[in-house]
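Have a look at the structure below before the remarks.
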Amino acid sequence: MAMECVASARKAESIGKKFTIKGWVRTRRDSKGGFSFLEINDGSSFGNLQVIANNTLQNYQTDILKIGTGCSVVIEGVIKGSPAKGQETELVADSVQVVGWADPNTYTMQKKGHTFEYLRTQAHLRPRTNTFGAVARVRNQISKSIHDFFQEKGFLYINTPIITPSDCEGAGHMFRVTTLDFLNPKTIAKAEDDFFGKPVFLTVSGQLEGETYACALGKIYTFGPTFRAENSNTSRHLAEFWMVEPEVAFNDLIQNMDLAESFIKRIIRDALNQCGEDMQFFEERIEKGLIQNLELVLNKDFQRISYTEAVEILKNSGQTFEFEVAWGKDLQSEHERYLAEKHFNGPVILYDYPKEIKAFYMRLNDDGKTVRAMDVLVPRIGEIIGGSQREERLEILEARMQGAGLKPEDYWWYLDLRRFGGVPHAGFGLGLERCVQFITGMANIRDVIPYPRTPGSADF
RNA sequence: UUCCCGAUAGCUCAAUGGUAGAGCGCCUCGCUGUUAACGAGGAUGUUCAAGGUUCGAGUCCUUGUCGGGAAGCCA
């Protein structure tokens, strides 16, 4: 990393070296001592590089004194130790070239605090702020950790289709993909006339296709965009989000839990180690106690209890919940948060849920009432991972599909995995944006993806 | 989708039914190895939209639009 960027220029080992820095001005402060301070950011680190621009520069009066927040510049100079507090190094400019001006009367990114609500209307410029720069870097690190984690374990990265004729969950609304013009009814004919000759949708999960590759190649993961047309208006839902879905042949639910736990811990460890300055910012300005909470999750063994045990704990908790706790009912957010935040004060994995509240493909237990499902709950977020051991027995799977109102013949290829060389296998899904929320402490999911897509809103 | 809250200067917000305000940002000047710099002065308004009540509406009523919070669904 001998690149000439702000991140390296800020390090003491760069003192004495000649640098060319290309970036955007955050602030300018003039000194009547005969020079100006410029704070430059180029995205390579959270902190800015302080530049000293002396009034002996030929364009000092004509350009430099007019530089404001948002201007792009190319600056050449030598890195020196900074005589004042606040930064280790500074760049003493030999030349300052303004590449692009930013009119301070119309430029919407001001030097000081904007609300996240306002910045959402400026999604194209918000990456120039401290917060969104930090989110982008941490999100990138998480994506890298995801690939590193699985690649180092020998998983294959599989790209499952985004346009699909199958409905993975058997529930939930999907986005229809069509070339038919619904605004012009005269042209509408039949579904067979559509581009693919049948109804197709944007994927809600790559799991089923992922299973086919796991049942051939052993260990795989998918990592791509996912779409849900649910009318969910919350700080934790997007219509378009990114999901990671590992799938491992021959794994059972316990091995699935082990994988999920080490996976989460790897992401946390990398974020703390690789994004220290960004994480410190989130700790100080976004969520107090964030780092301590992450270290708690990193250092604690995840508690593992069955759904049935969880129901008993909640019933005996003495807490009054808005929603009733009863075996057979799904746990509500308040219940999950009580378990992760109050009762265990740390991450919890719940498993063996009633079959009625879980998907058809989860393996039925011998009790006939529960399935090999698991949810990983963490403090502050609640469910961050959901997964299961898959049903590998053909007859039971067919029966459960029919019980869920699905036609087994529509899933002939999925059932073939059970007909030919079938094996136990297990996997889980992690929503990337929820993971970014968990790591950064950002309260609203719309602020951890560059261009959020939510019901009634697809700007930019 | 349900419930609650909100919409006023570029931004964040004030304003008993009676003359439209402040802080920040911006501009000018001053001061300073400054760093959310500081001090003084200045410019800035279709009060979200459409109706209604009233002598008079930013303020009250109705509808709509947009935003936020909580819940449900989930990742």
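Heads up: the first sequence begins at 596 in our numbering, then just goes up one per residue.
For each residue, glycine too, the CB sits at the ideal point set by N, CA and C.
All of these numbers come straight from a predicted model, not from anything done at the bench.
Give the DSSP-derived three-state secondary structure of Q997 in the structure shown. Position 402 of the first sequence, counting from 1, holds the residue named residue 997. The three-state secondary structure of Q997, taken from DSSP, is helix.
Contact defined as beta carbons within less than 8 Å: I believe A824 pairs with H768. What is the distance between those atoms, to the nearest angstrom? By 1-based counting over the first sequence, the position of residue 824 is 229. By 1-based counting over the first sequence, the position of residue 768 is 173. With a Cβ gap of about 4 Å, A824 and H768 count as contacting.
For D970, does the three-state DSSP call read helix, strand or coil? To locate residue 970, count along the first sequence from 1; it is residue 375. Strand, per DSSP.
Could you check what DSSP says for T965 in three-state terms: helix, strand or coil? Looking up residue 965 in the first sequence gives position 370. Looking at T965 - three-state DSSP - the assignment turns out to be strand.
Environment of P1047 [buried if 16+ CB atoms lie within 10 Å]: Looking up residue 1047 in the first sequence gives position 452. Buried, since its Cβ has 16 or more Cβ neighbours within 10 Å.
Which residue marks the beginning of the alpha helix (DSSP H) containing W1008, and which one marks its end? On the first sequence, position 413 is the one that residue 1008 refers to. Boundaries of the alpha helix (DSSP H) harbouring W1008: 1007 to 1014, taken from the DSSP string.
Candidates G676, R623, S639: which alpha carbon is nearest I662's? Residue 662 sits at position 67 when you count from the first residue of the first sequence. Checked all of G676, R623, S639; the closest Cα to I662 is R623.
Check this for me: beta carbons of V670 and Q656, under 9 Å apart or not? If you number the first sequence from 1, residue 670 lands on position 75. If you number the first sequence from 1, residue 656 lands on position 61. Before going on, a small fix: residue 670 reads as Ile here, not Val. It is not a contact, given that the beta carbons lie outside the stated cut-off.
Does the stretch 635 to 651 come within contact of the stretch 674 to 688, defined as at least 3 CB pairs closer than 8 Å? In short, these stretches touch, since the Cβ pair count reaches three.
Tell me the DSSP bridge mates of R899? In the first sequence, counting from the first residue as 1, residue 899 sits at position 304. Note: R899 sits in a beta bridge opposite I944.
Inter-residue Cα distance where the pair is R621 and A905: Position 26 of the first sequence, counted from the first residue, corresponds to residue 621. Position 310 of the first sequence, counted from the first residue, corresponds to residue 905. Within the model, the alpha-carbon separation for R621 versus A905 is close to 51 Å.
In three-state DSSP terms, what is S1052? Indexing the first sequence from 1 puts residue 1052 at position 457. S1052 falls in the strand class under three-state DSSP.
Quick one: what's got a C-beta closer than 7 Å to M596's C-beta in the same chain, skipping five residues either side? Along the first sequence, one-based indexing puts residue 596 at 1. Its pLDDT being 43, under 50, M596 is placed unreliably in this model, and the coordinates cannot settle the point.
With a 10 Å radius around its C-beta and 16 neighbouring C-beta atoms as the bar for buried, classify A589 as buried or exposed. This structure cannot settle anything about residue 589, because the visible part of the chain is limited to 596 through 1055.
Where do the ends of the alpha helix (DSSP H) carrying L633 lie? The residue you call residue 633 lines up with position 38 of the first sequence. That residue, L633, is in no alpha helix (DSSP H); its beta strand (DSSP E) goes 630 to 636.
Residue range of the unbroken alpha helix (DSSP H) whose run includes K739: As a working note, residue 739 is residue 144 in the first sequence. Run containing K739: 725 to 747, per the alpha helix (DSSP H) assignment.
What alpha helix (DSSP H) runs, 4 residues minimum, are completely inside the stretch 801 to 867? Here the runs fully enclosed are 802 to 812.
Which of helix, strand or coil does DSSP assign to Y752? Residue 752 sits at position 157 when you count from the first residue of the first sequence. Reduced to three states, the DSSP call for Y752 is strand.
Report back the beta-carbon spacing between Q984 and D847 to the nearest angstrom; my notes put them in contact at under 8 Å. As a first step, residue 984 is located in the first sequence; it is residue number 389 there, counting from the start. As a first step, residue 847 is located in the first sequence; it is residue number 252 there, counting from the start. A Cβ-Cβ distance of about 6 Å is found for the pair Q984 and D847, placing them in contact under the 8 Å criterion.
Mind checking L758: buried by the 16 CB within 10 Å criterion, or exposed? As a working note, residue 758 is residue 163 in the first sequence. The sequence given here places Ile at residue 758; Leu does not occur at that position. The residue in question, I758, is exposed, as its Cβ has fewer than 16 Cβ neighbours within 10 Å.
Which residue's Cα is closest to the Cα of F970: L992, I991, S928? Translated into positions along the first sequence, residue 970 becomes position 375. One detail in the question is off: residue 970 reads as Asp in this sequence, not Phe. D970 has its Cα closest to that of S928, out of L992, I991, S928.
Beta strand (DSSP E) runs wholly inside the stretch 870 to 937, at least 3 long, in chain order: Listed in chain order, the complete beta strand (DSSP E) runs (minimum 3 residues) inside the stretch 870 to 937 are 898 to 901.
Exposed unless 16 or more other CB atoms sit within 10 angstroms - verdict on S761: Translated into positions along the first sequence, residue 761 becomes position 166. With 16 or more other Cβ atoms from the protein chains shown falling within 10 Å of its own Cβ, S761 counts as buried.
Residues near V733 by beta carbon distance below 7 Å, same chain, minus five either side: Indexing the first sequence from 1 puts residue 733 at position 138. Closer than 7 Å at the Cβ level, and outside the excluded window around V733, lie A866, C870, D873, V1031, I1034, T1035.
Identified DSSP bridge partners for V693: For this step, residue 693 is matched to residue 98 along the first sequence. For V693, which the question treats as bridged, DSSP gives the partners V668.
Report the rounded CA-to-CA distance for Q653 versus L891, giving the unit in angstroms. Looking up residue 653 in the first sequence gives position 58. Looking up residue 891 in the first sequence gives position 296. One C-alpha to the other measures close to 55 Å.
Which of the three DSSP states, helix, strand or coil, is assigned to V795? The residue given as residue 795 occupies position 200 in the first sequence. Of the three classes helix, strand and coil, the one that applies to V795 here is strand, per DSSP.
I'd like the list of long-range same chain contacts for N940, defined as Cβ closer than 8 Å, with 5 residues on each side in sequence excluded. Residue 940 sits at position 345 when you count from the first residue of the first sequence. Cβ contact annotation for N940 (same chain, cutoff 8 Å, sequence separation greater than five): L891, P974, in chain order.
Separation of L1010 from A999, as counted between CA atoms: For the purposes of this step, residue 999 is identified with residue 404 of the first sequence, where counting begins at 1. For the purposes of this step, residue 1010 is identified with residue 415 of the first sequence, where counting begins at 1. CA-CA distance, A999 to L1010, rounds to 15 Å.
Count the CB pairs spanning the stretch 771 to 778 and the stretch 800 to 817 that are closer than 8 Å, and state whether there are at least three. Short answer: they don't touch.
In this structure, how does DSSP classify R543 when only helix, strand and coil are distinguished? Residue coverage of the chain in this structure runs from 596 to 1055, which leaves residue 543 outside it and unanswerable.
Extent of the continuous alpha helix (DSSP H) run through T1035: Within the first sequence, the letter at position 440 stands for residue 1035. DSSP places T1035 inside the alpha helix (DSSP H), whose first and last residues are 1027 to 1035.
Any 3 or more C-beta pairs closer than 8 Å across the stretch 696 to 715 and the stretch 846 to 865: Contact between the stretch 696 to 715 and the stretch 846 to 865 is absent, because fewer than three Cβ pairs lie under 8 Å.
Under 6 Å Cβ to Cβ from A766, same chain only, skipping five residues before and after it: list those, please. Taking the first sequence and counting its residues from 1, one reaches residue 766 at position 171. In this prediction, A766 scores a pLDDT of 49, lower than 50, which makes its location untrustworthy; the coordinate-derived value is nonetheless stated afterwards. Within the same chain, A766 has no close Cβ partners at all.
DSSP state of P949, grouped into three classes? Sequence index remark: in the first sequence, residue 949 carries index 354 (1-based). Taken through DSSP and simplified to helix, strand or coil, P949 comes out as strand.
Can you name the start and end residues of the alpha helix (DSSP H) that R958 belongs to? Residue 958 sits at position 363 when you count from the first residue of the first sequence. No residue range can be given for R958, since it is assigned to no alpha helix (DSSP H) and is classified by DSSP as neither H nor E.
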